[in-house]
Ligand SMILES: [Zn+2]
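Numbering (our numbering), first residue to last: 128 to 415.
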């Protein structure tokens with residue numbers, strides 16, 4: 128399942144292929160993905176220029192401009208969504224694959240295919256200038272890589288919270304785009320026991336504790352490193368099959384149940400527990 132770094136990598140891959148181009152045709156091969164497509168989606172966007180592609184949390188924001196209008200297509204990759212770019216020459220030989228649900232035909236002959244076997248992804252249109260107020264977006268907390276996400280913010284949101292810190296960090300209202308994998312990795316690097324209450328991040332006066340001050344830059348570093356790794360794989364990916372968004376990171380805790388902890392001199396193994404239906408991987412010796 129793509130998390131923030133993967134979505135950011137997809138954005139960076141799509142941007143040079145789409146920005147400034149005009150959408151000639153939008154092919155919708157079904158009525159819906161997770162949500163039904165707006166009935167006038169193709170008619171609204173065809174002939175428009177793609178002015179920019181931004182990201183908010185795990186949402187891709189494709190801004191479509193015409194002389195009068197500026198609608199935004201909000202996209203989400205769900206569990207298995209994938210964009211593939213076909214250049215003008217590649218597009219001539221493109222064979223339709225199963226689960227190719229949406230195709231963007233651009234004015235330079237580029238074709239961008241959205242494939243999604245499980246169909247948890249979606250593309251929904253936000254009216255002019257209203258994407259920030261869209262119900263999917265409006266309640267999301269600060270972007271983790273901006274200055275809005277800092278120890279003071281995290282402490283304020285954590286004060287008195289008795290729920291475990293793992294689930295707390297997955298709450299999109301507290302911080303945007305953090306998913307299961309990167310929360311596990313951040314708690315491992317910060318040596319925080321994922322079963323501890325979120326309130327360990329705040330003092331009685333709602334100020335950041337030492338743990339909180341340690342954790343925030345670790346979250347930022349882990350995401351930034353993953354985005355950097357994704358960026359470095361972009362070229363390779365583009366050369367092989369044009370697929371964007373799924374590249375293999377190496378994780379130190381996530382998915383490593385039963386393997387030796389990577390911390391120097393730690394003799395313990397990574398264990399897996401389930402918190403709110405999701406797997407948490409951690410070292411019971413390092414993470415206190
Ligand atoms: Zn350990």
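Backbone N, C-alpha and C fix where the C-beta goes; we use that ideal spot for every residue, glycine too.
Note that the coordinates shown come from a computational prediction; the quantities given were computed from them, not determined experimentally.
Residue i Cβ short of 8 angstroms to ligand 1 heavy atom set
i	result
residue 390	yes
residue 285	no
residue 339	no
residue 311	no
residue 356	no
residue 395	yes
residue 412	yes
C-beta contact flag for residue i and residue j at 9 angstroms
i	j	result
residue 205	residue 247	yes
residue 188	residue 180	yes
residue 279	residue 335	yes
residue 414	residue 344	no
residue 253	residue 200	yes
residue 309	residue 338	no
residue 177	residue 212	no
residue 316	residue 379	yes
residue 182	residue 198	no
residue 242	residue 226	yes
Contacting residues, own chain, Cβ-Cβ under 8 angstroms from residue i (five flanking each side not counted)
i	result
residue 153	168, 169, 172, 173, 229, 230, 231, 232
residue 162	249, 251
Cut-off 7 angstroms between Cβ atoms - residues of its own chain near residue i, not counting five sequence neighbours on either side
i	result
residue 398	384, 409, 411
residue 234	148, 149, 151
residue 196	255
residue 214	237
residue 294	402, 403
Proximal residues to residue i (C-beta, below 6 angstroms), its chain only, five neighbours per side dropped
i	result
residue 267	184, 299, 303
residue 389	379
residue 405	307
Kindly confirm or deny that the region 295 to 312 and the region 346 to 360 touch, where touching means at least three C-beta pairs closer than 8 angstroms. These segments touch.
Pair every Cβ in the region 279 to 298 with every Cβ in the region 329 to 344, then say whether three or more of these pairs are closer than 8 angstroms. Here the region 279 to 298 lies against the region 329 to 344, with 3 or more beta-carbon pairs under 8 angstroms apart.
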